[in-house]
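K.L.:
Got a structure here, written out as structure tokens. Questions coming.
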Amino acid sequence: GLLLTPFFAKIIRFFPPVVTGCVITMIGISLTPVAIRWIMGGNPKAENWGDPANVGLALMTLAIVIIFSMLRSQILRRLAILIAIVLGTILAYFAGFTDFSNVGSGSIFALPSFFHFGSPVFEFSAILSMVIVTLVVMTETTADIIAIGEIVGSKVDSKRIGDGLRADMLSSAISPIFGSFMQTAFAQNVGLVAITGIKSRFVVATAGGILIVLGLLPIVGRLVASIPMPVLGGAGIVLFGTVAASGIRTLAKVDYNEHKNLIIVATSLAIGMIPIVNHEFYAQFPVSVQMLLHSGISSTCITAILLNIIFNHLPFTKKSVEVASLPLNSGH
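Going by the numbering used here, the letters in the sequence shown line up with residues 5 to 336, in that order.
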């Protein structure tokens with residue numbers, strides 16, 4: 005991944021608003037089913053899966069987010085999601101949705117075990133599979149970085165893309181030592197930036213340091229695990245919807261009088277919806293194709309980039325578009 009980063013970062017020139025708008029919109033759309041699963045209870049095999057009480061708890065959490073978002077206090081508006089999760093969890097506790105009996109059990113402090121899954125083994129088939137996974141991860145991380153740039157109003161160039169990808173790939177190389185998996189940008193946090201309006205890198209870096217410390221405190225993990233899924237789902241509806249709204253705002257900048265833009269948007273979003281609507285659509289395809297297209301985000305990103313290249317960067321298509329756009333001379 006680190007070796008591919010310098011080349012991958014240069015694809016930013018293939019991300020005009022028509023592409024970035026599609027990708028950001030699909031990030032929000034593809035995350036919405038996650039929020040819905042949380043609202044229904046998180047576990048399809050649980051007895052209370054889809055229970056109206058779960059939906060009611062999620063709606064109360066959503067209502068708290070909306071109420072605090074309407075207040076004049078900027079601090080309370082920015083903390084709306086966190087306050088809603090805390091109050092929603094308290095309501096859930098008194099309603100019998102959760103208990104904190106497991107929080108006190110187990111250790112308070114613990115160090116990660118090194119090479120928990122065994123020493124590194126190098127197999128060609130596994131390496132090839134991970135290369136494909138890495139390409140998908142890099143595609144989605146690029147989309148997330150561009151989405152953040154649009155939300156905070158900051159220009160994203162190839163250098164910023166490269167820096168973000170290098171951070172992802174370096175952490176992915178280190179994380180297996182501590183028994184973790186491949187690292188990637190978390191698309192849910194794009195919505196968090198949009199709804200809180202907090203755009204400072206120093207805040208994010210400080211939060212990262214706090215998370216490292218919390219990772220050494222299993223008791224905090226048990227506390228977070230006690231938060232009912234419907235509470236997270238109620239807050240997630242706002243978070244993920246905000247990402248989609250940001251994408252729609254970007255798409256509003258696109259000139260739809262140019263037919264090619266309409267084709268790019270329509271086709272990219274439709275293909276991105278395929279794995280969301282039907283998870284088994286690519287089940288009979290080779291594993292490499294499944295890895296590449298299982299995500300609506302990567303499907304939309306790949307489709308939008310390819311169509312943008314076809315319509316705007318290939319010599320013969322650029323020429324045909326220019327000829328088609330010439331005004332007719334009515335005098336002859």
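No residue lacks a Cβ here, since even glycine has one placed at the ideal position from N, Cα and C.
Are the segment 242 to 250 and the segment 176 to 194 in contact at 8 Å, needing three or more beta carbon pairs?
P.N.:
A contact exists between the segment 242 to 250 and the segment 176 to 194.
K.L.:
Does the pairing of the segment 227 to 242 with the segment 41 to 59 give three or more beta-carbon distances under 8 Å?
P.N.:
Cβ pair count under 8 Å is three or more, so yes.
K.L.:
Hey, would you say LEU273 sits closer than 8 Å to MET74, going by beta carbons?
P.N.:
no
K.L.:
Taking the alpha carbon of SER133 as the point to measure from, which residue in LEU297, LEU318, SER292 has its own alpha carbon closest?
P.N.:
SER292
K.L.:
For TRP53, I'd like the list of residues in its chain whose CB is within less than 8 Å of its CB, leaving aside the five on either flank, ordered along the chain.
P.N.:
MET44, GLY45, ASN47
K.L.:
For ILE131, does the count of other Cβ atoms within 10 angstroms reach 16, so buried, or fall short, so exposed?
P.N.:
exposed
K.L.:
With 16 as the cutoff for other CB atoms within 10 Å, does PHE12 come out buried or exposed?
P.N.:
Counting Cβ neighbours within 10 Å, PHE12 comes out buried, since at least 16 surround it.
K.L.:
Which residue's Cα is closest to the Cα of ALA114: MET64, ILE216, THR65, LEU63?
P.N.:
ILE216
K.L.:
Curious, which full-length alpha helix (DSSP H) runs of at least 4 residues does the segment 77 to 118 contain?
P.N.:
78 to 82, 84 to 98
K.L.:
Does TRP53 come out as helix, strand or coil in the three-state DSSP assignment?
P.N.:
coil
K.L.:
How far does the alpha helix (DSSP H) with MET74 in it reach, from first residue to last?
P.N.:
Run containing MET74: none; DSSP gives neither H nor E here.
K.L.:
Could you tell me which whole beta strand (DSSP E) segments of length 3 or greater appear in the segment 190 to 264?
P.N.:
Counting only runs of 3 or more, we get nothing.
K.L.:
Out of SER175, THR9, VAL23, LYS14, point me to the one whose CA is closest to LEU255's CA.
P.N.:
VAL23
K.L.:
Examine the Cβ distances between the segment 296 to 303 and the segment 6 to 20 and report whether three or more of them are shorter than 8 Å.
P.N.:
no
K.L.:
If you draw a straight line from the alpha carbon of PRO232 to that of GLY213, how long is it in whole angstroms?
P.N.:
26 Å
K.L.:
Whole angstroms are fine: how far does the CA of LYS203 sit from the CA of ALA106?
P.N.:
Note on residue identity: the sequence assigns Asn, not Ala, to residue 106. Taking the straight line from one Cα to the other gives about 36 Å.
K.L.:
Just tell me which of PHE19, GLY32, ASP172 has its CA closest to the CA of ILE301.
P.N.:
The residue among PHE19, GLY32, ASP172 with its C-alpha nearest the C-alpha of ILE301 is GLY32.
K.L.:
Excluding the 5 residues flanking GLY92 on each side, which residues of the same chain have their C-beta closer than 6 Å to its C-beta?
P.N.:
THR65, VAL235
K.L.:
Closest by CA to PHE121, which one among THR188, SER111, SER184, PHE285?
P.N.:
SER184
K.L.:
Can you check which of these residues, ILE94, MET277, LYS163, ILE309, is closest to ALA62 by C-alpha distance?
P.N.:
Cα-wise, what sits closest to ALA62 is ILE94.
K.L.:
Measure the beta-carbon distance from GLU154 to ILE28 and round it to whole angstroms, keeping in mind my assumption that it falls under 8 Å.
P.N.:
6 Å
K.L.:
Are there 16 or more other CB atoms within 10 angstroms of the CB of ASP148, so buried, or fewer, so exposed?
P.N.:
buried
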